[in-house]
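Notes follow once the structure below has been shown.
Residue numbers (our numbering): 27 to 317.
The structure is reproduced here in structure tokens:
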């Protein structure tokens, strides 16, 4: 990973491709940066191959991502290999990962350009699917990878190995391997612990286990986890909610820490995570009907 360059020489603005107001807001951000005498450019969208090529060539030093948490996930994954930090501007409904809101980004630009912020490092996971010692596909994830049942409503027999040693066998709907960032996503929904976002750990937790270990296990950054399916009916793999990939009996899903973290720009103090966590939890309509 290259070290970030600050103050940044050139900024790229990337917006959610299907969010109606994202493109017009991105234009306003570019205009505001240019008015402050700082070069900025708008990308077509986050999935644009030209954007990835430009990042790899070192053409941009900072990305501003406009959208919701999904946009921030994609931006973080895209920029991590090149050491490019991301500032999230929330145009979505939840925005747990985002740093600034739509109505406050203008007042943050002078602080951004004067390097009045800190960089938060978020660990990523590297995931590979293996069959007969052949890698069928690989992914990087910021939240989690899930190996779970497919179209048949039957539990799976799954084996989890850590560094070549048996951790546990599970009869369950699935197994989640999550980052600390992902500990507040799917893993939280199935009863997992909340981990500090800056932690360098890997969380393993089953989904609806039956007569199996039902606790999450937190592993150190250097651990290498192998999840093997031992059921003849269909299983699938999903990396950060991407379209499912079929996993056959005997396939191995190997998970370990990725070499480069995602870098998020933060203006808030480091205690922001716990402050915001309580506030977002209170938005649950079942807990607070007036939220």
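Every residue gets a Cβ at the ideal spot worked out from N, C-alpha and C, and that includes glycine.
Using the rule of at least 16 other Cβ atoms within 10 Å of the residue's Cβ for burial, across every protein chain shown, is residue i buried or exposed?
i           : result
residue 178 : exposed
residue 148 : buried
residue 200 : buried
residue 282 : buried
residue 170 : buried
residue 311 : For residue 311, the predicted structure reports a pLDDT of 44, less than 50, and the residue's modelled location is therefore unreliable. A value from the coordinates is still provided. Flag for residue 311 reads exposed.
residue 125 : buried
residue 158 : exposed
residue 266 : buried
residue 190 : exposed
residue 146 : buried
residue 304 : exposed
For residue i, tell me which candidate among the options has the shortest Cα-Cα distance.
i           : options          : result
residue 63  : 50, 136 and 71   : 136
residue 275 : 75, 106 and 175  : 175
residue 134 : 114, 120 and 198 : 114
Sort out for me which residues DSSP pairs residue i with in a bridge.
i           : result
residue 280 : 154 and 252
residue 321 : For residue 321 there is no data in the structure shown, the boundaries of the chain being 27 and 317.
residue 166 : 152
residue 187 : 192 and 252
residue 273 : 261
How big is the Cα-Cα spacing for residue i and residue j?
i           : j           : result
residue 41  : residue 224 : 26 Å
residue 316 : residue 248 : Annotation note: pLDDT 40 at residue 316 (below 50); position unreliable, coordinate value reported separately. Cα to Cα, the separation comes out at about 44 Å.
residue 221 : residue 237 : 26 Å
residue 122 : residue 280 : 28 Å
residue 112 : residue 209 : 21 Å
residue 183 : residue 257 : 6 Å
residue 241 : residue 218 : 8 Å
residue 203 : residue 60  : 42 Å
residue 229 : residue 197 : 18 Å
residue 108 : residue 84  : 8 Å
residue 269 : residue 193 : 28 Å
residue 71  : residue 77  : 8 Å
residue 213 : residue 154 : 20 Å
residue 130 : residue 295 : 17 Å
Is the beta carbon of residue i within less than 8 Å of some heavy atom of the ligand FMN?
i           : result
residue 294 : Ligands are entirely absent from the displayed structure, and the ligand FMN is therefore not among its contents.
Since residue i and residue j should fall inside the 8 Å C-beta cutoff, what is the C-beta to C-beta distance between them, to a whole number of angstroms?
i           : j           : result
residue 273 : residue 262 : 6 Å
residue 163 : residue 271 : 6 Å
residue 86  : residue 36  : 5 Å
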